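A short write-up of the structure that comes next.
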Amino acid sequence: MARPRTAKPRSLRHAALGQAIELVIAEDACMKLDTVAADSDLDEKQIGTYIRGQGNPTYLTMLKLCNGLHVSLAALMLRAEELHAKRSRPEVEHATELLSTSAMVSPERVRQLALALSGAVEQDHHGRPSFRVAGRIFATLWDERHMNVMLDEPGIRTAVQGSPDACQEFWWGKRLRAVHVSLVRADDALAGELLADAWEQKAPKRLLKEAG
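Offset between the sequence shown (1-based) and the numbering used here: plus 1037.
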């Protein structure tokens, strides 16, 4: 994870770019600052300055950084622009956040829903909780406001189409891997349904027969 910011960023745009980089790293359980550095051929300290909004990367450096993040430059810059737009209206964003957080599905509730499924266990997965059945991961909880649910591609697309405010497609490279769920915008019913569907796709036939 990125280090805490100890100095002011160069500008709001630099800060937004840093947040976009930080989010890309956070959204992949296998990605860390050292792996990004290795894949981009950049120094960890150098990447840290970009995350803190204090560095001013060149175009070539941005291309290298995107290689390490496994995203296109266009996708990273689009995300940074969206974050910058939010930063430009902090009062609206803060009010929305307060209203949303009061009704969010808590991480503990996600844990309860997942572990209520037959044969489900919790195990660490690169520093984040994962929920497994017969050794196969069906969901990960990697921060207080998001979880990834490992459905097949049709299931992922159905979830996103049915609940676009709460669900997004989660890609790793060219593969669609999971539903990225905002716990701030999801409710108990949606979270429980997604977890149950993912469990059903990963569980062995023995458990499916017992549950049926």
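Ideal placement from N, C-alpha and C gives every residue a C-beta, glycine not left out. In this text, all values refer to a predicted model and were calculated from it rather than measured experimentally.
Per DSSP, what are the beta-bridge partners of residue i in this structure?
i	result
residue 1160	1167
residue 1206	1216
residue 1070	Bridge partners of residue 1070: none, in fact.
residue 1177	1167, 1185
For residue i, count neighbouring C-beta atoms within 10 Å of its own C-beta (all shown protein chains included) and say buried if the count is 16 or more, exposed if not.
i	result
residue 1131	With a pLDDT of 49 at residue 1131, under the threshold of 50, the modelled position of that residue is not reliable, and the figure given next carries that caveat. Answer is exposed; the Cβ neighbour count stays below 16.
residue 1234	buried
residue 1056	buried
residue 1239	buried
residue 1158	exposed
residue 1243	exposed
residue 1075	exposed
residue 1229	buried
residue 1181	exposed
residue 1210	exposed
residue 1059	buried
residue 1163	exposed
residue 1067	exposed
residue 1122	exposed
residue 1212	exposed
Between which two residues does the beta strand (DSSP E) carrying residue i extend?
i	result
residue 1184	1183-1186
residue 1234	First-last for residue 1234: 1225-1239, but that is the alpha helix (DSSP H), not the beta strand (DSSP E).
Kindly indicate the opening and closing residues of the alpha helix (DSSP H) around residue i.
i	result
residue 1079	Premise fails: residue 1079 is in no alpha helix (DSSP H) and is neither H nor E.
residue 1146	1144-1152
residue 1194	1190-1199
residue 1098	1096-1106
residue 1055	1049-1063
Could you check if residue i belongs to the surroundings of the ligand NAP, using beta carbon to heavy atom distance under 8 Å?
i	result
residue 1246	Ligands in the displayed structure: none, and consequently the ligand NAP is not present.
- prompt: Is there contact between the segment 1144-1164 and the segment 1075-1088, where contact requires at least three CB pairs shorter than 8 Å?
  reply: no
task: Check whether the segment 1194-1209 touches the segment 1159-1177, taking contact to mean three or more Cβ pairs, one atom from each stretch, closer than 8 Å.
output: no
- prompt: Is there contact between the segment 1097-1111 and the segment 1183-1192, where contact requires at least three CB pairs shorter than 8 Å?
  reply: no
message: Closer than 8 Å is the cut-off here; do at least three beta carbon pairs connect the segment 1049-1065 with the segment 1089-1098?
response: yes
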